[in-house]
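Residue numbers (full-length UniProt numbering): 1 to 1115.
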């Protein structure tokens, strides 16, 4: 599949991946769990590729020079590439160094292989030799010996085990190697055991070379030898059996070595055992030796019993039944020794409270979380991932809110977690301790604070308190004490030291208490860092400001989304006992800024972090990683996901993902390559870690269109399984939020506040805007009366002005208070009665009477077209209407949206409508609309054609244009594209004609209301002479008359007198101004407008344009 022929090119990368060209990379990335097959010289090799390209030419494939040499390829050689899908995962990988030099390097830094292998290779082939880089200049060659399951090739995963052999070219080497795995988790998988009687094993054992320096293994083997007497006993038994022609028994030392050290030195089991002893039991070697001595003694007793029975030759049935075959005898010994082995169980830790006087060493678990063979009567050694140890008692409790899922969980009090430096949801290992020796000589009690010497015998009192505590808590079972354990006795907190100091733990009861000596020390040891609760951490936002905790206000539609997301994550992460199979489930929450994405995420996480789910949450800030190198982002993301994997089940939160995975530009640029590379890395890393289902990702984005197609493709593999769009706030939602937020703020409010009014005035506000509005209102209340703040109506009004200025930038938010004395109210402009009636139906009624229109769900008109000659007041009318009815308005001149870059004009249209939707109810006013939406097919560049198409999409597309009314004004309606003004779009057409005589009189009176005019002036006289005057011409007439009056007044008065008197306009001034002012529309133009408008109303074909040329669309 996807075959290509490519030329090999050496690349400086330090791994076993290959670099593919961009075109081929995009093609193969569409296939998940796939690999690349390289065919050259009749030899095939399966490899994996890097998730980003760009470093090679379209006909090249890049790889490291050393890797190319191992594969037998040279630079410039042609290889045939093809893709294979559904590559199976490998659970265990066995490798060995190729040369002795590789082994020496490997033994010096085995952990580097563990940490770096997944970064260097993902696909391995049986028998393959591959490179592993320890550093930039040091590398080793490793050969794949075997893999499980048995495959010809496979994929390494995070939980794959790596076993490294210590033999080179078949020669075993005795050393203390390591057996690293590809994760920090604990694996219960055991390699196949090899019998000590096999010839291959005997040969390898005899080939062992003695070490010049005695190691831990030599000490163990030396103590396994019981001495001369034991060897003579073996010889006597062998002679007895040989004499009677009976099958020989295996030697005791052979059995002991088989049980503990029987595997060959180059086998994975031997390596794992040796490393565990070398690393974990250096300080406790004597204890191990003593345990082995007990096992040898048991074997010796069995041999002696068998020897006596064999020699006596008892014929009774009971003796015959007790003397079984040699194989059965050794099976019994083996079963007995297995009982002495410590049982290990891994648990997940959750934090609990230190209850009263309960021992700090008690941990709690429910019956459902216990394995079937777990014995709660034993003492357990608790070991953390940081190799800290503590001995604990496991108590079974019945708590309905305790986690009941597939993850064994243990509750530990917070104080013990501080001692062990544990964090919630980390893993610990409980290892049973079958034998606990009580060699207790003395107890030392160290108080947590200085004793009050003024009281009588304070040490004696403290000792008595401790003894009473022991007696009260050991009625059922002994009390477990660790070295330096903190004990709470009523109002006293003590530190207990055990003597001898080498004793790590001991059990004590009332009987042992009488035999033990107790000393109370005069010094004190503070344990406040353990017993005192930690100060509450203050959350900060992306800018580092401390977040203030507000009261949670429940909005029904948000609650439904929150519950749905919690159910999905709960089931996919197996947080309930009815679900046992984890499923990958990632969520993407999309919404504008302040739309409530963070609030929704916090609500989801709060439910999943608390009882009974206890989910681990890790946050990855995309804003802080913007602009960083892709490799650095990948490294930090892997660290975060590794933490999630270590504390699973877990959720990774990625805020504002679109900051670092922006969509591609139409023009290829450096930024485009950067975002593509980052998107590829993020997608591959998240897919890798979330494929097993124990990790889910919740990401937020402002706009789905701004996400890179590698993160959110239109088809194919999807990284996110659920897309959630943030809903807008309706009036009931806003009213609930405002009212409950004010009531929860613990501030008095007057009952006269009209919450319904402010719900209407905040239409278009998002949840973040409303929260800011409430905060400002409370601030003004405190500012006015700090002692007894009272929330009043004026506080809300002042806050609303501020929030409108901040959140409605670029949007004109009008109110009736803006009308000046000279202004004519929009619904009282003379001559526009018909237009006012249409505006009331389309704009005012849906805003003031939403209930009526909700009950009659018919699509409302979306737009109004105003047309008429220039200067008749189309723009003036719309602005006055907005002020009179307190509307929000976005005013746009047609040419403002046009840009020289391809695609920029359409984007400007989309952004404009999106801005209007965010501020609804809003009037979107387009002046000179004919320049923005002309008839398609008459533009040589095709720019306006694409703009018209975008307009049509916004007006009548998939996304509803609800709450936004489009008002367009033009003088040439015949030039508009017919599709825009058809029914269902901008379908209300209103002609604004020249004012008649009566209208001109009203306009003169309204405009001259603030001027000082003689009382005997009759405006009807002048209105009769203003034929063809527009509203702008009438305004110009009054302005000219006023200026003539001012000029005459200044000529007859000095400047001091002029500043104190009013200027009066007389008939003379009006007559002079009328003679100077001429109508702006000529008769011929007026006739042409009338003819054009008549054709527009009758929908007849317009006069054809004299356009010569051919259309050329630039794309």
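The C-beta atom is built at its ideal place from N, Cα and C for all residues, glycine as well.
Query	Result
So what does DSSP say about residue 1035, is it helix, strand or coil?	helix
Can you check which of these residues, 409, 1024 and 565, is closest to residue 347 by C-alpha distance?	409
Taking 8 Å as the cut-off, does the region 54 to 66 touch the region 92 to 112 (at least 3 CB pairs, one atom from each stretch)?	no
For residue 1050, count the other beta carbons within 10 Å of its own beta carbon; 16 or more makes it buried, fewer makes it exposed. Which is it?	exposed
With DSSP as the reference, identify every bridge partner of residue 926, one or two as the case may be.	892 and 968
Only counting runs of 3 or more residues, tell me where the beta strand (DSSP E) segments fall wholly within the region 977 to 1061, in order along the chain.	988 to 991
I need the DSSP call for residue 634, collapsed to helix, strand or coil.	helix
Spell out a yes or no on whether the region 789 to 798 and the region 940 to 948 are touching, meaning 3 or more CB-CB pairs, one atom from each, closer than 8 Å.	no
According to DSSP, simplified to helix, strand and coil, what is residue 153?	strand
Just the Cα atoms here: how many angstroms apart are residue 550 and residue 500?	Note on residue 550: pLDDT 47, under 50, position unreliable in the model; the coordinate value appears next. Using only the alpha carbons, I get a separation of about 55 Å.
Please name the residue in 1093, 144 and 974 whose C-alpha comes closest to that of residue 125.	144
Could you tell me if residue 656 is buried or exposed, where buried requires 16 or more neighbouring beta carbons within 10 angstroms of its beta carbon?	buried
How many angstroms separate the CA atom of residue 624 from the CA atom of residue 974?	53 Å
Decide yes or no for the touch test of the region 585 to 597 against the region 633 to 641: beta carbon pairs closer than 8 Å, at least 3 of them.	no
Here's a check: name, in chain order, each residue in its chain whose Cβ is nearer than 6 Å to the Cβ of residue 753, leaving out the five neighbours to either side.	793
Given a threshold of 16 other Cβ atoms within 10 Å of its Cβ, counted over all protein chains shown, does residue 1062 qualify as buried or as exposed?	exposed
Does DSSP put residue 529 in a helix, a strand or coil?	helix
Comparing the CB of residue 57 with every heavy atom of the ligand GTP, is any distance shorter than 6 Å?	Ligands are entirely absent from the displayed structure, and the ligand GTP is therefore not among its contents.
To which residues of the same chain is residue 442 closer than 7 Å at the C-beta, ignoring the five residues directly before and after it?	499, 516, 517 and 519
Can you list, in chain order, the residues of its chain whose CB lies under 6 Å from that of residue 19, leaving out five sequence neighbours each side?	11, 50, 55, 56 and 62
Go through the region 46 to 82 residue by residue and report every complete run of the alpha helix (DSSP H) that reaches 4 residues or more, in order.	65 to 70
Please work out which residues of its chain come closer than 6 Å, Cβ to Cβ, to residue 557, disregarding the five sequence neighbours upstream and downstream, and give them in chain order.	727
Could you tell me which uninterrupted alpha helix (DSSP H) segments, each at least 4 residues in length, are contained entirely in the region 607 to 652, listed from first to last along the chain?	630 to 646
Which class does residue 876 belong to by DSSP, given the choice of helix, strand or coil?	helix
Measuring CB to CB, does residue 1069 end up less than 7 Å from residue 1023?	no
Taking buried to mean at least 16 other C-beta atoms within 10 Å of its own C-beta, is residue 998 buried or exposed?	exposed
Please tell me whether residue 8 and residue 84 are closer than 7 Å, where the distance is taken between their beta carbons.	no
Which whole-angstrom value is the C-beta distance of residue 980 and residue 1045, which I expect to be below 8 Å?	Not quite, the Cβ-Cβ distance comes to about 47 Å (not below 8 Å), so this is no contact.
So, does the region 867 to 884 touch the region 899 to 918, judging by three or more C-beta pairs under 8 Å?	no
Which one of 449, 554, 681 and 780 has the shortest CA to CA distance from residue 735?	554
How would you call residue 137, buried or exposed, if buried means at least 16 neighbouring beta carbons within 10 angstroms?	exposed
Among the candidates 806, 742 and 807, whose CA atom is the shortest distance from the CA of residue 778?	742
In angstroms, rounded to a whole number, what distance separates the CA positions of residue 922 and residue 967?	10 Å
If you reduce the DSSP assignment to three classes, tell me which class residue 145 lands in.	strand
DSSP on residue 975, reduced to helix/strand/coil?	helix
Comparing alpha-carbon positions, which option in 628, 653 and 574 lies nearest residue 692?	574
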